[in-house]
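Asks:
2 protein chains.
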Amino acid sequence: MSLRPPRQRQRSIWRSGVHHDRQRVQQNRWATAMTTLSDVAREAGLSTAAVSRYLNSKLDLPNETKARVDAAIAKLDYRPNQMARRLTMGRTEAIALLVPEITNPFFAALAAAIETEARSHGYSVYLSSSGGSLDREIESLQRLSERHMDGLILCTNRPDDGSLAAQLERHRNVVLADEDVAGPQLGRVFVDNRLGAKLATRHLIGFGHRDIAIIAGPKTLFSGRERLAGFREAMAKANVPVDKRRVFQGSYSMDYGRQVARSLLAGPARPTAIFACSDFVATGVLEVARALSISVPDELSIIGFDDMPFASMLSPGLTTVHQPVDDLGKHAVRALLSTFDDPSPPETRGLPVKLVVRDSVAAPRTSKERR
Amino acid sequence: MSLRPPRQRQRSIWRSGVHHDRQRVQQNRWATAMTTLSDVAREAGLSTAAVSRYLNSKLDLPNETKARVDAAIAKLDYRPNQMARRLTMGRTEAIALLVPEITNPFFAALAAAIETEARSHGYSVYLSSSGGSLDREIESLQRLSERHMDGLILCTNRPDDGSLAAQLERHRNVVLADEDVAGPQLGRVFVDNRLGAKLATRHLIGFGHRDIAIIAGPKTLFSGRERLAGFREAMAKANVPVDKRRVFQGSYSMDYGRQVARSLLAGPARPTAIFACSDFVATGVLEVARALSISVPDELSIIGFDDMPFASMLSPGLTTVHQPVDDLGKHAVRALLSTFDDPSPPETRGLPVKLVVRDSVAAPRTSKERR
DNA sequence: ACACCTTTGTTAATCGCTTAACTAATCGAT
DNA sequence: ATCGATTAGTTAAGCGATTAACAAAGGTGT
């Protein structure tokens with residue numbers, strides 16, 4: 001077996017005094033000459049190990065040597081190659097966030113919060129939108145398996161038939177935020193949907209409303225069911241009966257809001273207030289009310305959920321339930337990072353919400369007239 | 001120099017028939033036993049090179065062998081480790097997007113478009129918000145130098161004193177989107193701001209407006225200057241003089257809109273139309289007009305810029321200039337990817353815009369009365 | 001004078017994958 | 001019978017870092 005001359009290998013050349021022009025094979029197409037750790041080591045007259053350990057504070061060097069290394073780094077403009085770092089350390093220091101739609105202001109705010117918190121822990125954030133598709137959700141999990149990133153914060157808005165849950169079972173470094181997926185033992189961070197609905201409902205009842213319609217979220221969604229439950233609880237507590245024909249369940253969209261509003265506001269026997277379980281829905285209702293010349297809040301009170309940024313821009317300003325989206329993001333990140341050190345799933349967290357009072361709720365007319 | 005026994009090395013063991021229990025040092029804390037390429041190779045009775053090249057379609061194997069490899073992959077549930085892949089290939093197959101604020105619906109929409117396009121080319125997207133801070137912008141460039149990602153799409157909203165430009169000079173794999181930074185030879189993708197302003201202005205003039213105020217963007221911003229220039233051009237072409245006291249330049253914010261509107265709409269000598277160079281600004285104006293009981297569009301016409309999602313949710317629906325944000329994202333990604341193959345900076349692109357007519361513009365009252 | 005610790009480093013293996021360069025075997029054509 | 005092409009792979013270097021394990025020099029206590 002004849003040994004062909006091996007490809008030029010630069011081994012133990014450093015410190016040998018021999019000078020080579022660096023003629024490294026650049027696999028990277030746009031690479032400008034990149035300075036590596038061994039360049040720095042050579043310049044400083046040290047081994048790569050010493051420099052590496054110094055840079056990672058794992059070796060205490062005398063000041064004079066430190067200065068030499070620092071000078072070499074500055075001179076050569078050395079930047080550690082993160083790709084190499086990640087390979088050896090087995091960690092990417094990046095997490096991914098998967099949301100249904102980043103254009104939804106709620107998820108945009110969540111993304112901002114997550115990014116801020118992640119950065120403060122030294123993590124970068126990959127963003128992807130699933131568009132509500134299972135395939136994309138699974139694709140994200142795939143990337144997780146491929147060590148693309150260290151963990152994933154998953155927001156779904158889709159009822160799961162078990163396929164997602166099955167995939168999730170295989171991972172430990174995933175946190176579910178905002179919406180639930182039944183099954184897997186994972187960290188979960190939600191908002192207290194039930195409390196929010198109670199707050200909103202009580203607010204309406206407090207103004208004297210009895211005939212309240214609720215446009216709740218999808219039956220298939222955790223938040224949808226919780227909000228409806230909160231509504232029922234608050235109504236029960238105030239001894240106000242809930243008329244089945246005043247309960248609607250559907251998507252959190254403007255269009256669903258419009259659709260329900262049209263049927264609800266058509267006849268004369270309309271409710272005095274509508275609890276829309278999403279600001280999008282509330283906006284649709286508002287639009288229809290305007291089209292029908294029903295004045296809000298004089299003739300109809302509307303309350304929303306989410307406190308999306310545009311809620312204050314509507315006219316009238318929308319009274320709604322504020323979600324602590326910053327906290328949601330913060331806790332999601334912390335829960336995720338905690339799984340990196342401790343394999344047991346973090347506790348599920350329910351974050352408190354609060355009511356934001358603007359101008360879309362007033363006392364019902366009938367009660368005014370009675371006065 | 002005595003040679004200590006080297007750390008257990010598994011070299012050339014594959015195919016040797018000897019069976020070892022894999023007792024690999026797991027540097028990764030949460031690592032489940034990960035199957036590597038060499039596990040697959042051993043299982044399939046091949047070399048890692050063969051498997052690698054087969055997987056990358058660089059080696060054509062006979063069907064029987066292919067089947068063996070595929071079976072091994074399935075059996076061991078092998079996922080290529082992207083970190084290792086990236087190190088050898090010198091590419092991360094990820095790009096970063098830096099926006100001032102992801103909560104700004106315009107940037108959220110841009111992010112969505114960029115993510116979609118990037119994914120279709122096999123790239124992931126890192127998201128960061130700069131909050132309009134130079135430090136964060138530079139931090140992103142730093143990550144670029146550290147080979148965190150292959151390229152960067154940069155959206156700034158800050159006038160640059162040259163510091164950013166200086167940093168940008170050092171990179172080739174950056175594309176500027178939406179807003180300009182003077183100096184560096186980089187790919188740029190903008191919207192045709194001037195055209196948009198002309199379209200809006202012409203629309204108002206066409207309705208008979210002569211006394212038009214413009215609330216333009218910041219003087220220091222490319223888009224701000226362009227939009228103002230477009231306004232002036234359109235006015236000049238129609239022979240309508242521009243009164244200096246009707247020209248305002250400031251930030252693209254609701255607050256600036258409110259502020260200008262309050263001074264503009266206070267007295268009786270108010271303009272018949274306002275061209276707000278951002279939908280945020282227009283929203284502020286709308287709010288003040290409503291507070292002052294000035295009816296829009298009957299007494300005052302308002303036109304915006306951006307066509308943010310909430311523009312249609314306002315009342316009245318805001319007539320505005322639609323930015324082709326999807327195209328913007330698409331071209332930004334393409335321009336960026338093109339720099340990976342071709343070092344010369346891609347051409348600057350100006351994307352056409354169009355007017356979206358809703359309900360915030362009508363003929364001015366005076367001209368109605370004249371009829 | 002000896003053992004022992006501290007300081008200041010070094011050596012080489014390793015992470016998991018890609019790839020240039022090689023090779024052995026087979027086949028058809030000259 | 002020999003040559004060249006094709007098929008079906010292999011070998012080992014290398015990407016740029018981290019790190020366990022070693023080691024020489026100098027100081028210190030007894």
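So the sequences go chain by chain: L and F.
56 is the number that our numbering gives to position 56 of the first sequence; each next residue is one higher, with no gaps.
114 is the number that our numbering gives to position 114 of the second sequence; each next residue is one higher, with no gaps.
A virtual CB, placed ideally from N, CA and C, is assigned to each residue, including glycine.
Quick caveat, the model's predicted, so the values are computed rather than measured.
Considering only residues of the region 80-107 of chain L, which uninterrupted beta strand (DSSP E) runs meet the minimum length of 3 residues and lie entirely inside it, listed in chain order?
Replies: List check, beta strand (DSSP E) in window: 94-99.
Asks: Using only CA atoms, which one of F:CYS155, F:ALA311, F:SER129 lies nearest to F:ASP359?
Replies: Per the Cα distances, F:ALA311.
Asks: Just to confirm my understanding: we take F:VAL25, look at its own chain, exclude 5 residues before and 5 after, and list those with CB closer than 6 Å. What are they?
Replies: Reliability fails at F:VAL25, whose pLDDT of 35 lies under 50, so the model's placement of it is uncertain and the value that follows must be treated cautiously. None.
Asks: Taking CB distances under 8 Å as the criterion, tell me whether L:VAL125 reaches chain F.
Replies: Judged by the 8 Å Cβ criterion, L:VAL125 is in contact with chain F.
Asks: Just the chain L side, please: which residues come within less than 8 Å of F:GLN82 by C-beta, in chain order?
Replies: Near F:GLN82 (Cβ distances below 8 Å), the residues of chain L are ARG143, GLU146, ARG147, HIS148.
Asks: In chain L, what lies closer than 9 Å to F:ILE102 by C-beta?
Replies: Chain L residues near F:ILE102: ILE102, ALA108, ALA109, ALA111, ALA112, GLU115, LEU127.
Asks: Cβ of L:LEU87 within 8 Å of Cβ of F:LEU127?
Replies: Result no, Cβ atoms of L:LEU87 and F:LEU127 do not sit closer than 8 Å.
Asks: Relative to the alpha-carbon of F:ALA200, which residue among F:LEU134, F:CYS277, F:PHE222 has its alpha-carbon at the smallest distance?
Replies: For F:ALA200, the nearest C-alpha among the options comes from F:CYS277.
Asks: Establish whether the CB of L:MET235 and some CB of chain F are separated by less than 8 Å.
Replies: No, because no Cβ of chain F sits closer than 8 Å to the Cβ of L:MET235.
Asks: Going straight from the alpha carbon of F:PHE280 to that of F:ASN104, what length do you get?
Replies: Between F:PHE280 and F:ASN104, the C-alpha separation is close to 10 Å.
Asks: Measuring only the C-alpha atoms, how far is L:ARG53 from L:LEU46?
Replies: So the alpha carbons of these two residues sit roughly 11 Å apart.
Asks: Taking only beta-carbon positions, decide if F:SER315 is within less than 8 Å of chain L.
Replies: Chain L contact via Cβ: present.
Asks: Mind reading off the beta-carbon distance from F:GLY329 to F:ALA113? Whole number of angstroms is fine, and I expect it under 8 Å.
Replies: Right, the Cβ-Cβ distance comes to about 3 Å (below 8 Å), so this counts as a contact.
Asks: Do three or more CB pairs link the region 143-159 of chain F to the region 125-145 of chain L at distances below 8 Å?
Replies: Output reads no: the region 125-145 of chain L does not touch the region 143-159 of chain F.
Asks: Which residues mark the beginning and the end of the beta strand (DSSP E) in which F:THR397 is found?
Replies: Because chain F here runs from 1 to 371, residue 397 of chain F falls outside it and cannot be looked at.
Asks: Below 8 Å between beta carbons: does that hold for L:THR320 and L:ASP298?
Replies: Not a contact, by the Cβ cut-off of 8 Å.
Asks: Do you know how far the Cα of F:CYS155 is from the Cα of F:GLY132?
Replies: About 10 Å.
Asks: Roughly how many angstroms separate the alpha carbons of L:PHE231 and L:ASN193, rounded to a whole number?
Replies: Near 10 Å, if we compare the C-alpha coordinates of L:ASN193 and L:PHE231.
Asks: Compute the Euclidean distance between the alpha carbons of L:ASP243 and L:VAL353, then round it to the nearest angstrom.
Replies: Roughly 27 Å separates the two Cα atoms.
Asks: Does DSSP put L:LYS198 in a helix, in a strand, or in coil?
Replies: Residue state, collapsed to three classes: helix.
Asks: Among the residues of its own chain, which have a CB less than 7 Å from the CB of L:HIS209, if the five just before and after it don't count?
Replies: Hits under 7 Å: THR272, ALA273, SER301, PRO364.
Asks: Using a Cβ-Cβ cut-off of less than 8 Å, give me the residues of the region 306-337 of chain F that come near chain L, in sequence order.
Replies: Within the region 306-337 of chain F, the qualifying residues are PRO309, PHE310, MET313, LEU314, SER315.
Asks: Taking C-beta pairs closer than 9 Å, name the residues in chain F that L:PRO105 reaches, listed in chain order.
Replies: Ordered by position in chain F, the residues that pass the 9 Å Cβ test against L:PRO105 are THR103, PRO105, ALA108, PRO309, PHE310.
Asks: Taking F:VAL356 as the reference, which of F:ASN239, F:LEU204, F:ALA165 has the closest Cα?
Replies: The option with the nearest alpha carbon to F:VAL356 is F:LEU204.
Asks: So, at 6 Å on beta carbons, what are the nonlocal neighbours of F:ASP211 in its own chain, with the 5 sequence-adjacent residues on each side left out?
Replies: Only PRO271, THR272 meet the Cβ criterion.
Asks: Go to L:VAL191, then tell me how far its alpha helix (DSSP H) extends in each direction, as first and last residue.
Replies: Element bounds for L:VAL191: not the alpha helix (DSSP H) but the beta strand (DSSP E), 187-191.
Asks: Starting from F:PHE340, follow the beta strand (DSSP E) in both directions and report where the run begins and ends.
Replies: Per DSSP, F:PHE340 belongs to no beta strand (DSSP E); it is in the alpha helix (DSSP H), 325-341.
Asks: Rounded to whole angstroms, how far is the Cβ of L:VAL174 from the Cβ of L:LEU351, which I believe are closer than 8 Å?
Replies: Incorrect: roughly 19 Å between the Cβ atoms, too far for contact.
Asks: Pull up the distance between the alpha-carbon of L:VAL361 and that of L:GLY304, whole angstroms please.
Replies: Spanning the two alpha carbons is a distance of roughly 10 Å.
Asks: At a Cβ cut of 7 Å, what residues of the region 252-263 of chain L count as close to chain F, listed as they run along the chain?
Replies: Result list empty, no residue passes.
Asks: Does L:GLN185 pass the burial test, meaning 16 or more other C-beta atoms within 10 Å, or should it be called exposed?
Replies: So L:GLN185 ends up on the exposed side.
Asks: Spell out a yes or no on whether the region 330-337 of chain L and the region 114-126 of chain L are touching, meaning 3 or more CB-CB pairs, one atom from each, closer than 8 Å.
Replies: Yes, they touch.
Asks: Quickly, what does DSSP pair L:ASP306 with across the bridge? List them, please.
Replies: Partner(s): L:HIS322.
Asks: DSSP on L:VAL296, reduced to helix/strand/coil?
Replies: Correct three-state label for L:VAL296: coil.
Asks: With C-beta atoms as the reference, is L:ALA289 less than 8 Å away from L:ALA269?
Replies: No.
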